[in-house]
Every structure is written in C-alpha cells, then in structure tokens.
Amino acid sequence: MGSVSGDATHLSYPPARRDDSVVDDYHGVQVPDPYRWQAPTHQPTSPTLWLEDPSSKETEEFMDRQVELCEKVLAGCPDAENLRKEIKRLFDHPRYSAPIRRGNKYFYFHNSGMQDQSVLYMQDDLEGKAEVLFDPNTLSADGSVILTIFSISEDGNYMAYGLNENGSDWVTIHVMNTTDKQPMPDKLSWVKFSCMGWTHDGKGFFYGRFPAPRDGGDLDAGVEMNVNVNHQLCYHVVGTDQSEDIVCWKDPENPKHSFRASVTEDGKYVILGTNEGCGSNNKLYYCEISSLPRGIQGFRETHKMLPFVKLIDNFDAQYQIVANDGDEFIFLTNKGAPKCKLVRVNIKNPDVWTDVLPEHEKDVLESADAVNSNQLLVCYMSDVKSILQLRDLSTGNLIHQLPLDIGSISEISCRREDKEAFIGFVSFLSPGIIYRCNLASTIPEMKVFREISVPGFDRTRFQVKQVV
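The numbers in the sequence shown follow the working numbering, run straight up by one, and end at 472.
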C-alpha cells in the first residue's frame, strides 16, 4: 500500500462545489454550511439541494467521479490481488448459527464460506437431513437484495421475512409457507426497524410501519429525505392485503415515538414497548389478547386500537420481558440499577415490584432467558468476559455456573419449554463454537454441537490467560 501513498501527489480529487451563501444561525452563532447548496434558478420548486441527497444529479456525478478515482488507485496497487486472496482464504470456511425450534422443526443459518448471505435451513430433528428453506442469494444477481429480518410462527408452518434493496433501511415483509417453500401474496411496505411477533394461533403477526407518503408510489423508499414520524404498530393476518391490517397502536400526539411488540411465551399477552427517537429507555404497556371477545381481528371493523394497559408510562429506564406466569411477570431492567437486575411484578397490581436477582456489585447483567420450565439462563459480563449461570426462576438462587473459556457469548437459543439450550461462543482463538447444553441433567454439560474452524489454524496450540 506504500505505492498508493507515494502516488497521492498525482491524484486529482474531484472537487465538491461550495455555496458560501448558506449560513445557519444557532443561538446567535453563524455556522456556514457550504455543501448544503441553494437551489438553482431553474429548479424553483426545490428550496435546497443537499450534497447528501442521493437523487441529486450533481451528487450522483460527484459520487461517480469518486468511484472512478478509487478504482484507478486500487488498480495501481501491486498487492491488491495478494490481499484479495488472503482475505478470501481467511473467510472461506463454513459458518453456522445456533438452531431455533418452532413447532416440530429446527431452523438455522449456514454459510458454506464465500456466500454473500447465509442460507436458512430447516430440519425435522437435529440428526436428520437439513433442507434449504430460503436462500437469499437467489434474490438478485448483484446481491443488492438482502434478507434483514425473519420470524417463524409458533407451529413452524409460516415464515415472515423482510427484504431490503441497495442498502436501504426500508424493508418489505413477505410471508412463506414452510411446507411448499413458496412465497405467498402478502407484501407489507413502508416498514423500517420493525419487530415481527406471531400470535400463537399462527393467524398473523405484529409489525411496525410508517404511513405511506401522501405522494404514494412516486417516492422511492430509501432515497427520500423526509423524517419518519407517526410510527404504527399493526397486525397482519396471513393471506390478506396490507390495506386490511389492523392498526393496534399509534400516538399522533408523539410523532417521534416508535413501537415494538412481543407475544408472551404462553400466548396470552402482547407486550408493547415504546421508544422515543433513538433512546433506549422505554415505556411498557400490555394487552391480554387471550381475553378479547372477538380476538384481534374483531378490531378491524371497529377501527379501534387494542386496549393496552399502561404499566410503565415514562422513559426513566429500560424494561425487557423475561418470563411470566399468568399475571406475574419478570423483567430485566436498569431502573435504579445501572448494571441491571431482574424484578417481578403482578401487572394487575403493579404497586409492588420485588427483586428476583438484585444488581451485582461489579458484573453487568446482559441477558436472562427462561428455560426448562422453572429456571433462568443468565449471562453476565464480568471483567470483559462472559459468565453463564443457571438460576432458579422463582428465587434467583444460583444452581450452576456453566463452564466457559475466556470469551463472549454471541447468541443464546432456548425457550422456557425447552430442556436444552444452544449457546454461541466466540473468543480470541475461536470464530465460533455452538454448545448444546442439557439443562435437565443433574450437572448440565456444555457439549460442542458445531464448531467453526479456520483452515490452517489449530487453536489447541494456544492459551489465553487473563491477567488480574
């Protein structure tokens, strides 16, 4: 790369036009913004043209010149081909995600090595033959269409999945029947940073969307410069048009609020989390969907929102549901506990909140999952390494500390009804190990289920020790 630096004096960087007439006044301070161009006289309908506007012809020409210069420089780098080969060698090895179980099926992602996107596989049991459920690499020849989110229904019969194009944050949600592996007609647009939570009857799922722009299809999602406001939580019934979706919650008085919904593992409640802007603190509402006389679909005709009950109606802290037994809920929160703790509350009598697992004096509680009926799988960050513990769900008491090398937990796949958990682990010496842990045994063991290996590297030749 030294030759690139040496030739830098001969480079002709494409000039960016300046407009020194653009000056903002912030509390009496004049701040020039020379690259927020004023509109030319031949474009009177456009008050300003931003250099960041990807639809601007001048911006496109500027980017084309940058690409041309970059390609010219890289073409003159004598080590470019060697670097490409070395990077390919390091990445060309199989990779897996931890399997998740829905109904009587298991689902996991696998990348053979140099695939642009990992492929989603499905199998009836962990020892059986796996079959391709969805290969996102077939969506576009140039790799511009990306699988960004997916969610499997509780019975494993349907998959909702979101695709984006050309790196846009906008996602279009589709639905697939996992039996015939064919996309259904469902197409949900104007979706961004969305949840997808299935109701247990498999009829549909919650998701978040923004209202379609008033100018309709003339606006290209992904290049518009508007601020997204008035987020809505909707419920989509599989096999219906998006125009029939039920608006379950919106808050026009707070247009910058965004909403996420999750259905409890018993299927009785939907939990609504509300965030403001990019803030991580959230409000927390709930709706007992199992007691709705006509179900969620009964609200389509009335055009009313779901009767959510306010449990937390401020942005003082973060709250994340862990488990529930009827009306008794356990949440992970940083309320009065910067390193987080677990608390229990009866949502029908929310005046009393009790600690299940108090805040640790130094370790940070990163996650907690209900497993094996009455246990908690708890992950702490302790002295820059992960610690994994099995605790009693009722009391929070420690049952076992699971053996882990120095490293980090990358993923945990488990459910409360499961007697086993799959745990993804990465470290200085391993790009990934997936452990299978039998939680029903007297002393749970961490058995290697799958290990990601880099050709030519033997991790057993090295040791990692922590200096206290």
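Even glycine gets a Cβ: it sits at the ideal position worked out from N, Cα and C.
These figures come from a predicted structure and were not determined experimentally.
Where residue i falls, given that 16 or more other Cβ within 10 Å makes a residue buried
i    : result
M200 : buried
V382 : buried
L310 : buried
L124 : buried
E64  : exposed
H307 : exposed
C344 : buried
W202 : buried
S16  : exposed
V195 : buried
W253 : buried
G277 : buried
Q47  : Because Q47 sits at a pLDDT of 47, beneath the cut-off of 50, its placement in the model cannot be relied upon, and the following sentence gives the value as read from the coordinates. It is exposed - the Cβ of Q47 has fewer than 16 other Cβ atoms within 10 Å.
D190 : buried
W357 : exposed
G208 : buried
C282 : exposed
A79  : exposed
F138 : buried
L87  : exposed
D245 : exposed
V274 : buried
Proximity to residue i [Cα-Cα], best of the options
i    : options                : result
V360 : E131, R395, V195       : R395
G1   : I250, P140, G243       : The structure shown does not extend to residue 1, since the chain is modelled only from 5 to 472, so the question has no answer here.
I316 : D329, R304, Y289, V242 : Y289
L380 : D367, S414, F335, A216 : F335
A216 : L192, F210, S198, K207 : L192
V375 : G243, N161, G80, L397  : L397
V458 : L94, T63, R88          : L94
E424 : T446, L433, D409       : T446
R348 : M188, G330, Y162, P19  : G330
R420 : I104, G340, R304, E292 : I104
Q236 : G243, D245, E257, T244 : E257
N338 : E292, P354, P362       : P362
W174 : F138, P189, R213, L137 : R213
E332 : D409, A321, G340, L346 : L346
L408 : T399, V241, E248, S386 : S386
S434 : E90, H97, W41, R88     : H97
K76  : V35, H14, P448         : H14
N115 : D129, R99, D128        : R99
K366 : P342, D373, I351, N350 : P342
D205 : G299, S172, S284, L130 : G299
Y162 : C291, S247, A20, T182  : T182
Bridge partner(s) assigned by DSSP for residue i
i    : result
R454 : I438
S262 : N279
E370 : BP columns for E370 are empty, so no partner.
N328 : F333
I427 : I416, Y439
M200 : Y211
N350 : E332, N353
I474 : Residue numbering for the chain in the displayed model covers 5 to 472; residue 474 lies beyond these limits and cannot be assessed.
T358 : R348
L94  : Answer is none; L94 lacks a bridge partner.
R106 : K109
R395 : L380, L402
S101 : The partner list for S101 (beta bridge, DSSP) is empty, contrary to what the question assumes.
Beta-carbon contacts of residue i that lie in its chain and below 6 Å, excluding the five residues immediately before and after
i    : result
A102 : E415, S417, F426, G428, I438
V472 : none
N279 : S262, N286
P187 : H178, M180
D222 : The predicted model places D222 with a pLDDT of 47, which falls under 50 and marks its position as unreliable; any figure quoted below should be read in that light. Answer for D222: no residue qualifies.
S294 : K272
S198 : Y211, G212
Q405 : Q393
Nonlocal neighbours in the same chain, by C-beta distance under 8 Å from residue i, ignoring five residues either side
i    : result
G147 : D120, Q121, N141
R106 : I156, S157, E158, D159, G160
R22  : P38, Y39
P354 : L315
S390 : E370, C383, Y384, L408, G411, S412, I413, F429
G302 : L296
Close-in-space but distant-in-sequence residues of the same chain around residue i (CB under 7 Å, 5 per side omitted)
i    : result
F453 : F426, I438, Y439, R440
V430 : G411, S412, S414, G436
P18  : F66, R69, Q70, L73
V388 : none
S168 : According to the sequence shown, residue 168 is Asn rather than Ser. Only I150, T152, W174, V175 meet the Cβ criterion.
D249 : C238, Y239, H240
D128 : N108, K109
Practice task
Determine contact between the stretch 140-157 and the stretch 106-126, defined as no fewer than three beta-carbon pairs at a distance below 8 Å.
Solution key: yes
Practice task
Could you tell me whether the stretch 262-269 touches the stretch 324-339, where touching means 3 or more Cβ pairs closer than 8 Å?
Solution key: yes
Practice task
Check whether the stretch 79-93 touches the stretch 27-38, taking contact to mean three or more Cβ pairs, one atom from each stretch, closer than 8 Å.
Solution key: no
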